[in-house]
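*Asks:* Residue numbers (the numbering used here): 180 to 1414.
The beta-carbon is built from N, C-alpha and C at its ideal position, and this holds for glycine as well.
Take this structure, written in structure tokens, and hold onto it; I'll ask about it next.
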């Protein structure tokens, strides 16, 4: 193999010649490095990428481009070399040896144009002259090296060149010399912005990029600089990805002045739209009543320079709107506040006016007002109908008749027959029909005609299939036009984010499949065969709903195209393989999906292969395939046994609508239009009576207009603008009773509920050639509520005698049938009226009624899975197990064997016999020897022989015969006795604890050593020298703070609480309280002595200099003490912080004192009156010494927590002349009710 490849390569080289390479002259460094910085594509600063690629052509000597596929994986490499002044390559490349690298950031594995995508770029590097170099593929004879750069912290000392080499052929080529220059180092602002600039106005700021030598790198000013060069340069300098961001620089501060509003002007789009829509003769635009003017007026706030005001107070101007003439009805739901100098004004006129214009005034500034052009408000609302109107409507295509029913509804609205409120407002509907064929190519041609739809269409009603409507729906979404479909809603429109304006008043595909598979589940059809034609694709919704109801659809068979359906070209058993595969599944329920012209062929083949109803198979057709059954035995169905006879009992399932048998007043009125001889009001050809489902489809067009008219009347009556969004939202909130019964949509735009039918193929009499009406029998009406409850109600029978229902009288010939029980209503549904009617022998009026019927099972086994059936309603569930479609049994627990006939023996504590019974071991009994035997187990369970386990807490013992009360009473007595002893001991301990607690802070004055003279506080340094009363107690000197009070009761809980808090409060920056003496005349507080006096004393002493560090130490101590008081103590506040209360100890640490005074103040306040000031005796003495204060002795008062104290009223000051309230108006604060 290798030799053959070498011979092939050698022969190829002989033909093509030697391999050669050359540069593309515009993609290689020039021979001389340019002086113009704009042309320095390759000689760039260090760490900066080249801005032009290096491209090398690879070709053979005969000119044939090299192809890598011919020589396997031949690649090219690139390297960087230092060059000496002589022009020779320097073999000692010190720059590379010091860590320099050649790097590339590119998508080097791709050719152009994909290579241009910078998001795909990756970075790679190599050390020059190493064994591993950067490689590149050869694309169509080209080697491309782009976005190359030299990476290092040191600039190369000499010039360099690139060498491109193809190692496999040992050929290379060198570029001209390049220079790697110094990189950018910093930014310098060369021109500062002006001190004041106006918002949204241009101003200049110039920034220079400089290298380490302060040389200016001019990359932006040059007009010849290429855009890619600018991009890559600034990217390298500013991009976070490159990790080489230059230091940030800031301009000087400058002021941005807000713009001043000059006037309002419409946006250009609004002006253009008005010019486009205005009448060329009258120069007036006609707008429907309550519809937004021009679909919204886009208004801009401009300054005197005609620039938009994006910021500032005028950018959010409040608008007021006036009409000319005045007193014209305006909608009341428009926004009046601009945002960033713009507003999209959705305003409408809610009455018909021949001529009107608006004056829009911002913030009351009339000079800046904008006056709109003239509008003419008309009452006409245009509705568009999209349908396939090419046919007359006398066949299966009924779009022309739907168009007629839409016209009937519009006629009734305009005449005030339905929704008369619109006529009173002067509103009229107008229909514009669009003939859109039922094919995509024609739809695309029609899209060009629909571009003006936004200007005159307010609603679109569609009767074309969803796959065609899907193409123009984006256009409707763009212009926010509500869309109502009258045909089945498919899965394609379930994504309401893509089609938010799509609504359907027909039953949705999902609701139909919910009904079908709910019916299948109720009939035990858990396994179903799918047989479909090759060009019919079932939607994903079909399968997902089947999974939802646990229906197995794994057996699906697709048969190919039948090209020639002429009977002479058909031969028997063409579908033999497919139908034999169906028979092998052993399943009896077949869902067929085949078009009209294929069905006779399929049924003929199924009969010949013994897969017809005569052979026990239940065929099911649905929707249009059910309507296309060969009822008249056309084509090959007329050979041998006709299809209607061979497939008697076939299910036909379809949706329909309750049209009340066309007997309502609305139907009679509309049908009068429909059958009248004057054909002006509607399209359509030959008029004939239609069946209920066809008539309902036409009635849906009428109901679509009715629902829309009802929605508009609500908006108009509330003076709201008729916008697409509001109409679409309200359509889903509105309910009408139309031609097709109740019409209401859910939040997603789908019709609520479901109404369908189940029919059977049942020719009466059993003749081969009968009309459809004699072949199809309507069996049941299917109603499904919004919450998923489904009822099947029998139809009235046309078979004599009357007043009997058409029970499932036609069955496939099967070995056995299931019996189904289901919930229904008593009575039956009339075929002509579609209304409930009484049935003989059943309750009336209708109530919940249980019915039974016989149905074909989904499959059955050749042999039973046990002795007998477990459930008569399902022949596949036996006493021993369940029959599965593959004729195998799945046994229940306790049964085994191929047919689940063997009863399994489970002897837990014994031995099995041949007949399946157990011989138990001693101590056990029961069929499975599970039950243990105990002689006497009164209130328990025997778990082992002789072992009784009590099953209740009330009994215990070996035989569970001892009641717990026999021991509970002694235990309770002992517990109560123990609790009493503990309580007594706790009382004694509590008393001792209280005494100890009192002893901790309560001081006996007899134990205090009174000084013979005043003590001196301070050092002999002369810093502080102050005389204070120093007492000795508990072997420690204390400052005693006397309180003028009588003896305070020692059992006062409030006093105890306060003193415990004070004595417990310990911190290095708080003064310590030793205790309190409560006996008169020595009621006093014992406070720790601070040797240095207070901060006030220190600051007042000129002989001591306090520097910043000393003062900062004081401040820190004060803050620490306050933090502890507020956050970590029970006192929570100081109440009287001042420099004299900040004491200094001998270590020059500040200790806070006086933090008990707030408690005294609060106690004084609690015993005062409202609007009065009560002060203590010490405070009164201070005020009296100051002079000028009016004081009155109140006498001795009980102050909470302080005992009996002498208090004073403070009435004011000599200079205070305002009279105080009378004392009779005052009440104690405890009785005052603050509001």
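How would you call residue 211, buried or exposed, if buried means at least 16 neighbouring beta carbons within 10 angstroms?
*Replies:* Here residue 211 refers to the residue found at position 32 of the chain shown. Burial call: exposed.
*Asks:* Once you ignore the five residues that flank residue 285 on each side, which residues in its own chain have a CB closer than 6 Å to its CB?
*Replies:* Taking the first residue of the chain shown as position 1, residue 285 is located at position 106. Excluding sequence neighbours, residue 285 sits near 300, 325, 326.
*Asks:* With DSSP as the reference, identify every bridge partner of residue 1211, one or two as the case may be.
*Replies:* Here residue 1211 refers to the residue found at position 1032 when the chain shown is read from its first residue. Residue 1211 pairs with 1188, 1216.
*Asks:* Compute the Euclidean distance between the alpha carbons of residue 714 and residue 616, then round it to the nearest angstrom.
*Replies:* Translated into the one-based positions of the chain shown, residue 714 becomes position 535. Translated into the one-based positions of the chain shown, residue 616 becomes position 437. Cα-Cα distance, rounded: 21 Å.
*Asks:* Should residue 458 be labelled buried (16 or more other beta-carbon atoms within 10 Å of its own) or exposed?
*Replies:* Numbered from 1 along the chain shown, position 279 holds the residue referred to as residue 458. Looking at its Cβ environment, which holds fewer than 16 other Cβ atoms inside 10 Å, residue 458 is exposed.
*Asks:* Quick one: using the 10 Å Cβ neighbour count with 16 as the cut-off for buried, is residue 1491 buried or exposed?
*Replies:* Limits of the chain in this structure are 180 at one end and 1414 at the other, which puts residue 1491 out of reach.
*Asks:* Measuring alpha carbon to alpha carbon, tell me which of 784, 796, 847 ends up nearest residue 815.
*Replies:* For this step, residue 815 is matched to residue 636 along the chain shown. When only C-alpha atoms are compared, the closest one is 784.
*Asks:* Under the rule that 16 or more other beta-carbon atoms within 10 Å means buried, what is residue 834, buried or exposed?
*Replies:* Along the chain shown, read from residue 1 onward, the residue named residue 834 stands at position 655. Only buried fits residue 834, as 16 or more other CB atoms lie within 10 angstroms of its CB.
*Asks:* Which partner residues does residue 682 have in the DSSP bridge list?
*Replies:* For this step, residue 682 is matched to residue 503 along the chain shown. Answer by DSSP bridge pairing, in chain order: 663.
*Asks:* Using the Cβ count rule (16 or more neighbours within 10 Å means buried), how would you classify residue 1164?
*Replies:* Taking the first residue of the chain shown as position 1, residue 1164 is located at position 985. With fewer than 16 other Cβ atoms within 10 Å, it is exposed.
*Asks:* Run through DSSP, which three-state label would residue 1128 get?
*Replies:* Against the chain shown, residue 1128 aligns to sequence position 949. Reduced to three states, the DSSP call for residue 1128 is strand.
*Asks:* Can you find a C-beta in chain D that's less than 7 Å from the C-beta of residue 1071?
*Replies:* Among the protein chains of the structure shown there is no chain D, as only one such chain exists.
*Asks:* Could you check the C-alpha separation between residue 898 and residue 700 for me, to the nearest Å?
*Replies:* Start at 1 with the first residue of the chain shown, and residue 898 comes out as number 719. Start at 1 with the first residue of the chain shown, and residue 700 comes out as number 521. Using only the alpha carbons, I get a separation of about 51 Å.
*Asks:* Assuming residue 741 and residue 777 make a contact with CB atoms under 8 Å, what is their CB distance in whole Å?
*Replies:* Translated into positions along the chain shown, residue 741 becomes position 562. Translated into positions along the chain shown, residue 777 becomes position 598. Yes, they are in contact, since the Cβ atoms of residue 741 and residue 777 sit about 6 Å apart, within 8 Å.
*Asks:* Look at residue 972 and residue 1003 and say whether their C-beta atoms are less than 7 Å apart.
*Replies:* One-based indexing of the chain shown puts residue 972 at position 793. One-based indexing of the chain shown puts residue 1003 at position 824. For residue 972 and residue 1003, yes; Cβs fall inside 7 Å.
*Asks:* Would you mind working out which of 473, 542, 502 sits nearest residue 492, comparing C-alpha positions?
*Replies:* If you number the chain shown from 1, residue 492 lands on position 313. Of 473, 542, 502, the residue nearest in Cα terms is 542.
*Asks:* Suppose only complete runs of 3+ residues qualify. What are the beta strand (DSSP E) ranges in the segment 247-333, listed by chain order?
*Replies:* Every beta strand (DSSP E) stretch that sits fully inside the segment 247-333 and reaches 3 residues is listed by chain position as 255-261, 280-285, 301-305, 313-315, 321-324, 327-330.
*Asks:* Can you tell me where the alpha helix (DSSP H) holding residue 348 begins and where it ends?
*Replies:* Counting from one through the chain shown, the residue named residue 348 turns up at place 169. Neither: residue 348 is in no alpha helix (DSSP H) and is coded neither H nor E.
*Asks:* For residue 198, which of helix, strand or coil comes out of DSSP?
*Replies:* Your numbering for residue 198 matches position 19 in the chain shown. Strand at residue 198.
*Asks:* Let's see if you can read the secondary structure: which residues bound the alpha helix (DSSP H) around residue 778?
*Replies:* Along the chain shown, read from residue 1 onward, the residue named residue 778 stands at position 599. Start and end: 778-787.
*Asks:* Three Cβ pairs or more, each shorter than 8 Å: is that satisfied between the segment 606-614 and the segment 919-927?
*Replies:* no
*Asks:* Might you give, ordered along the chain, the residues of its own chain that have their beta carbon closer than 7 Å to the beta carbon of residue 1051, omitting 5 neighbours on each side?
*Replies:* In the chain shown, residue 1051 corresponds to position 872, counting from 1. Excluding residues within five positions, the ones whose Cβ falls inside 7 Å are 998.
*Asks:* What span of residues does the beta strand (DSSP E) with residue 818 cover, start to end?
*Replies:* In the chain shown, counting from the first residue as 1, residue 818 sits at position 639. No beta strand (DSSP E) holds residue 818; DSSP gives it neither H nor E.
*Asks:* What is the DSSP secondary structure of residue 1043, reduced to helix, strand or coil?
*Replies:* The count along the chain shown starts at 1 and reaches residue 1043 at position 864. Three-state result, residue 1043: coil.
*Asks:* Does the segment 523-531 touch the segment 450-465, meaning 3 or more C-beta pairs lie closer than 8 Å?
*Replies:* no
*Asks:* For the segment 336-356 and the segment 229-242, state whether three or more C-beta atom pairs, one from each stretch, are separated by less than 8 Å.
*Replies:* yes
*Asks:* Run through DSSP, which three-state label would residue 1149 get?
*Replies:* Here the question's residue 1149 lines up with position 970 in the chain shown. Three-state DSSP puts residue 1149 in a helix.
*Asks:* Does residue 602 come out as helix, strand or coil in the three-state DSSP assignment?
*Replies:* The residue labelled residue 602 in the question sits at position 423 within the chain shown. Helix.
*Asks:* Could you tell me the boundaries of the beta strand (DSSP E) in which residue 591 lies?
*Replies:* The residue you call residue 591 lines up with position 412 of the chain shown. Per DSSP, residue 591 belongs to no beta strand (DSSP E); it is in the alpha helix (DSSP H), 578-593.
*Asks:* Pairing CB atoms from the segment 1349-1358 with CB atoms from the segment 1319-1334, are three or more of them under 8 Å?
*Replies:* no
*Asks:* Residue ranges of each beta strand (DSSP E) run of no fewer than 3 residues wholly in the segment 488-542, ordered along the chain?
*Replies:* 498-503, 521-524, 532-541
*Asks:* Helix, strand or coil for residue 405 per DSSP?
*Replies:* As a position in the chain shown, residue 405 is number 226, starting the count at 1. With a pLDDT of 44 at residue 405, under the threshold of 50, the modelled position of that residue is not reliable, and no figure is offered here.
*Asks:* Counting along the chain, where does the alpha helix (DSSP H) carrying residue 704 start and finish?
*Replies:* Here the question's residue 704 lines up with position 525 in the chain shown. Unbroken run through residue 704: none, as it is neither H nor E.
*Asks:* Under 6 Å Cβ to Cβ from residue 1143, same chain only, skipping five residues before and after it: list those, please.
*Replies:* Residue 1143 sits at position 964 when you count from the first residue of the chain shown. If we look at residue 1143 and ignore the five residues flanking it on each side, its Cβ neighbours are 1133.
*Asks:* Once DSSP output is grouped into helix, strand and coil, what is the label at residue 1309?
*Replies:* Start at 1 with the first residue of the chain shown, and residue 1309 comes out as number 1130. Coil.
*Asks:* Using the beta-carbon count (16 or more within 10 Å), is residue 564 buried or exposed?
*Replies:* Residue 564 sits at position 385 when you count from the first residue of the chain shown. Around the beta carbon of residue 564, a 10 Å sphere encloses 16 or more other beta carbons of the protein chains shown; the residue is thus reported as buried.
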